[in-house]
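Numbering (my numbering), first residue to last: 16 to 610.
Written out as structure tokens, the structure is:
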């Protein structure tokens, strides 16, 4: 009979529901009535306080403690019973649990035991006790348990039949029966005692991680997995093989710690919290013949670390460098003399440093990037190379500086550009050379100055031009020489002046053509011509010229000609010849012509 309320129990069937009590001699003389001839009543000093508590990892800060109080009225009823774990994760369940537990205690405060021949006594039914010597015992009871004893062919030595006997005055009795039972008052809610302990596990077990077909990792938001135990004959090695099972990690904090989710097919160690089979927890993982270690053993017994596996299915094949091609890995090699830390990223590697990063390499460092590299530095960068630096750029190179740039070379510097070089300076450029500068240009050199160009040379300025030099000046050309200026022309020199030329000589002006000579004379047998265009002549409409020959000088202006010869002859050919003086004219003969 299963019931959870006293109202679910009915009175005794098939007989009287009120059973009297007879003791001693009177019981021996009652033969036609069901009665009780034994009755004992005991009160237990039970606790009136019960406290239960538990923990729910899904609500780790929840207060699940619950308590119930039904004081019994004795001096020790404030002693509490404490139950941990309570076996609940919901507060309502805990309150019901505590209520039932305190009612269990209350149900054992008053316990009665009866004996007699009442044939309809049966557990789970109610009866009323009457005619007991203590009136407070005459009330309704719930029969908790009953024991039946039957005997055949029993003869009583005193000739009395007694309770449950069919004998009459010395006649053999064919049957004797006795009934004993335990009962509790109906006024107290009945709660059976917890006499059967819950099964406990005897230690950890191993199991295989399971999940849906086609998956390699099956988990929930807590990192729990499902398993199938080796003793399970009915499981299908899928997501229904067990409940969700929590997984112990090496470190677990609030959004920090380590996380390694066991994958489908791996063997794990399953223990049970408090030995309760309803609270499994995975505490470890083990290798087996199908799940071997990541490195060959015992050959690599000095290696330790972590190696993952790409999911789903792995990347397959060998890695690009030293990796397996389907895993991220961190490996430590502790073999003496070959110590190494090896880090492999199957695809991307991201490194974040919240503050400073320091790197120290005791020997060489090599870095190979098969494609592109991008570096962003939001503030300053300092790079120190104690010896040499070599950079090879096989393509193009662009360097951009938003503010100033300073390049200091304490010894020599070489720069070679195999093809073209362009220098674009937005405003000014200053160049200071402590000693010498040498420019060598294979073909042409063009310099374009938008406004003015000033050159200051402390001592000398020399130009060696192999073929020709051309100077084009749009407006004015001014040469200022502080001391001496010499111009040497190997063959010819031509000056073409569009309008006027003025030469001012402070003391002496010498012009030599073809050899030595002084003044305006020509020497060395060469000829010198000075020709003025028509618009520059002083008269007439024809051209003016000065012709210097080794033995003569000819001045010609239009139709007027004057020839001076080396022998002292002067010939003047003119339409009109005028000779005038402010004072006098004197010829070689001594004649004087006064004005």
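C-beta atoms are modelled at their ideal positions from N, C-alpha and C, and glycine is treated no differently.
Predicted model, so just to flag it, every value in this text is computed and none were measured.
ask   = To which residues of the same chain is residue 98 closer than 6 Å at the C-beta, ignoring the five residues directly before and after it?
value = As a working mapping, residue 98 is identified with position 83 in the chain shown. Only residues of its own chain outside the window of five on either side were considered, and among them 67 have a CB closer than 6 Å to the CB of residue 98, listed in chain order.
inquiry  = For the alpha helix (DSSP H) containing residue 477, name the first residue and the last one.
reply    = On the chain shown, position 462 is the one that residue 477 refers to. Premise fails: residue 477 is in no alpha helix (DSSP H) and is neither H nor E.
ask   = Are the CB atoms of residue 325 and residue 342 nearer to each other than 8 Å?
value = The sequence position of residue 325 within the chain shown is 310, counting from 1. The sequence position of residue 342 within the chain shown is 327, counting from 1. For residue 325 and residue 342, yes; Cβs fall inside 8 Å.
inquiry  = Which same chain residues end up closer than 8 Å to residue 253 when comparing Cβ atoms and leaving out the 5 residues on each side of it in sequence?
reply    = Counting from one through the chain shown, the residue named residue 253 turns up at place 238. Hits under 8 Å: 225, 226, 227, 228.
inquiry  = Quick test of your reading: residue 34 and residue 144, contact by CB under 8 Å. State the CB separation rounded to the nearest angstrom.
reply    = Here residue 34 refers to the residue found at position 19 of the chain shown. Here residue 144 refers to the residue found at position 129 of the chain shown. Contact between residue 34 and residue 144 holds: their C-beta atoms lie close to 6 Å from each other, under 8 Å.
ask   = For residue 122 versus residue 205, is the C-beta distance shorter than 8 Å?
value = Position 107 of the chain shown holds residue 122. Position 190 of the chain shown holds residue 205. Yes, the Cβ-Cβ distance between residue 122 and residue 205 is below 8 Å.
message = Applying the 10 Å Cβ sphere with the 16-neighbour rule, what's the burial state of residue 237?
response = Working through the chain shown from its first residue, we reach residue 237 at position 222. So residue 237 counts as exposed.
query = On the three-state DSSP scale, how would you describe residue 364?
reply = In the chain shown, residue 364 corresponds to position 349, counting from 1. In the structure shown, residue 364 sits in coil (DSSP, three-state: anything other than H, G, I, E or B).
key: Coil, strand or helix - residue 580 by DSSP   = On the chain shown, residue 580 is found 565 positions in, with the first residue counted as 1. In the three-state scheme derived from DSSP, where H, G and I count as helix and E and B as strand, residue 580 is classed as strand.
query = Can you tell which of 104, 508, 80, 27 has its C-alpha closest to the C-alpha of residue 294?
reply = Taking the chain shown and counting its residues from 1, the one referred to as residue 294 is at position 279. For the residues 104, 508, 80, 27, the minimum Cα distance to residue 294 belongs to 104.
task = Please work out which residues of its chain come closer than 6 Å, Cβ to Cβ, to residue 322, disregarding the five sequence neighbours upstream and downstream, and give them in chain order.
result = For the purposes of this step, residue 322 is taken as residue 307 along the chain shown, with counting starting at 1. Apart from sequence neighbours up to five positions away, the residues of its chain that approach residue 322 with a beta-carbon distance below 6 Å are 309, 342, 344, ordered along the chain.
ask   = So, do the segment 24-44 and the segment 126-144 have three or more beta carbon pairs nearer to each other than 8 Å?
value = Yes: the two stretches touch, three or more of their Cβ pairs being nearer than 8 Å.
request  = Please determine if the segment 265-278 and the segment 200-214 are in contact, where contact requires at least 3 C-beta pairs separated by less than 8 Å.
outcome  = Output reads no: the segment 200-214 does not touch the segment 265-278.
key: For residue 258 and residue 101, the rounded distance between their alpha carbons   = Your numbering for residue 101 matches position 86 in the chain shown. Your numbering for residue 258 matches position 243 in the chain shown. Cα-Cα distance, rounded: 20 Å.
key: Backbone CA spacing between residue 536 and residue 517 [nearest angstrom]   = In the chain shown, the residue the question calls residue 536 occupies position 521. In the chain shown, the residue the question calls residue 517 occupies position 502. The pLDDT assigned to residue 536 is 45, lower than 50, so where the model puts this residue is not dependable; a value taken from the coordinates is nonetheless given after this. Between the alpha carbons of residue 536 and residue 517 lies a gap of roughly 20 Å.
query = In the structure shown, what three-state DSSP assignment does residue 253 receive?
reply = Numbered from its first residue, the chain shown carries residue 253 at position 238. Note: residue 253 maps to coil in three-state DSSP.
Test item: CB-CB of residue 261 and residue 281 under 8 Å = As a working mapping, residue 261 is identified with position 246 in the chain shown. As a working mapping, residue 281 is identified with position 266 in the chain shown. Against a cut-off of 8 Å, the Cβ pair of residue 281 and residue 261 comes out as no contact.
7 Å CB neighbourhood of residue 24 in its chain, flanking five on each side removed = Here residue 24 refers to the residue found at position 9 when the chain shown is read from its first residue. Closer than 7 Å at the Cβ level, and outside the excluded window around residue 24, lie 18, 139, 140, 141, 157.
task = State the start and end residues of the unbroken beta strand (DSSP E) segment that holds residue 82.
result = For this step, residue 82 is matched to residue 67 along the chain shown. Run containing residue 82: 81-84, per the beta strand (DSSP E) assignment.
key: Span of the alpha helix (DSSP H), counted from its first residue to its last, around residue 21   = As a working note, residue 21 is residue 6 in the chain shown. Segment: none, residue 21 is in no alpha helix (DSSP H) and carries neither H nor E.
inquiry  = Does residue 121 come out as helix, strand or coil in the three-state DSSP assignment?
reply    = Here residue 121 refers to the residue found at position 106 of the chain shown. Annotated three-state conformation of residue 121 is helix, per DSSP.
query = Which whole runs of the beta strand (DSSP E) in the segment 347-393 are 3 residues long or more, in chain order?
reply = DSSP runs (the beta strand (DSSP E)) wholly in the segment 347-393: 355-359.
query = Under three-state DSSP, which class holds residue 137?
reply = Translated into positions along the chain shown, residue 137 becomes position 122. In the three-state scheme derived from DSSP, where H, G and I count as helix and E and B as strand, residue 137 is classed as coil.
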